[in-house]
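Numbering (the working numbering), first residue to last: 2 to 257. So the structure is just underneath, and the comments pick up after that.
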Ligand SMILES: [Zn+2]
């Protein structure tokens, strides 16, 4: 990754002229010019090779109002790494994993299913890269443990699931389609084990009832006797967890 230190771009916004620190990322395979504001309020300008920085900054300037509004609305203190520092565990396969994050090189992520540990080592001085690697490493873990858990529980209840996808939904924990595909949010690994499993059971119950009818909730209670309590707890914890590891992208691309 080619990367530079923070630069400042002056923008005309609804609040007047403001200086916005930004960084430029150039990486092979990038196809579109993008502005991203991450959860720690860093503005990243993702620039494909072949587009000049001058043009990229012009683009950032055009997005000024939007970028400024996103920066203002970003809740403080919701960084994924701080969250994991406070609560150093993940859930997967019906168990709790301990999390250890270290500084240094080479950057590396690994986990041990038997020992129940997840380990990440990241460069110390590059916040943006560190954050990106952390999210990538957690998502890789989620992509392994979430489908495995879905299929294991489905087998227990003799339910047929065709496919499980693990995605980065912005507001939802999961969904279930008529084609028996279950999609789950990677942030499930950040929930306590009981809630992680509750969400899986919630989607599995939709294989039988594709709605939230009384019969649906009755069935779900058979799968999870504490389903009502778990549903309330999920709503409560979502306010924090749904925002972790999120990036907000400008809804337009340039430089095709
Ligand atoms: Zn539902």
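Here a beta-carbon is modelled for each residue, glycine too, at the ideal position from N, C-alpha and C. Note that the structure is a prediction, hence the values are computed from the model and not measured.
Query: Got a list of residues with beta-carbon closer than 6 Å to any non-hydrogen atom of ligand 1, in chain order?; Result: 203, 207, 213
Query: What's the call for residue 207, buried or exposed, on a 16-neighbour Cβ count within 10 Å?; Result: buried
Query: Does the beta-carbon distance from residue 9 to residue 44 come in below 8 Å?; Result: no
Query: Per the contact definition of three or more C-beta pairs closer than 8 Å, is the stretch 176-191 in contact with the stretch 141-148?; Result: yes
Query: Strictly by DSSP, which residues pair up with residue 199?; Result: According to DSSP, which records beta bridges pairwise, residue 199 is partnered with nothing at all.
Query: Considering only DSSP beta bridges, list what residue 103 is partnered with.; Result: 122
Query: If you reduce the DSSP assignment to three classes, tell me which class residue 209 lands in.; Result: coil
Query: Apply the 10 Å Cβ neighbour rule to residue 74 and answer buried if 16 or more other Cβ atoms are within range, or exposed otherwise.; Result: exposed
Query: Check each candidate in 204, 226, 200, 31 and name the one with the smallest Cα separation from residue 238.; Result: 200
Query: Start and end of the alpha helix (DSSP H) containing residue 148?; Result: 128-157
Query: Bridge partners for residue 92 per DSSP, in chain order?; Result: 97
Query: Which word fits residue 54, buried or exposed, when buried means at least 16 other C-beta atoms lie within 10 angstroms of its C-beta?; Result: exposed
Query: Reducing DSSP to helix, strand and coil, say where residue 239 ends up.; Result: helix
Query: Can you say whether residue 107 is buried or exposed, counting buried as having 16 or more other CB atoms within 10 angstroms of its CB?; Result: exposed
Query: Does the Cβ of residue 51 have 16 or more other Cβ atoms within 10 Å, making it buried, or fewer, making it exposed?; Result: exposed
Query: Going by DSSP in three states, residue 52 sits in which element: helix, strand or coil?; Result: coil
Query: For residue 65, count the other beta carbons within 10 Å of its own beta carbon; 16 or more makes it buried, fewer makes it exposed. Which is it?; Result: buried
Query: Between the alpha carbons of residue 71 and residue 147, how many angstroms are there, rounded?; Result: 31 Å
Query: Rounding to the nearest angstrom, what Cα-Cα distance links residue 159 and residue 209 in this structure?; Result: 12 Å
Query: Relative to the C-alpha of residue 121, which residue among 37, 14, 137, 181 is closest?; Result: 137
Query: Taking all protein chains shown into account, do 16 or more other C-beta atoms lie within 10 angstroms of the C-beta of residue 211, making it buried, or fewer, making it exposed?; Result: exposed
Query: For the stretch 59-85, which segments carrying the alpha helix (DSSP H) assignment without a break, of at least 4 residues, lie completely within its bounds, in sequence order?; Result: 65-74
Query: Does residue 204 pass the burial test, meaning 16 or more other C-beta atoms within 10 Å, or should it be called exposed?; Result: buried
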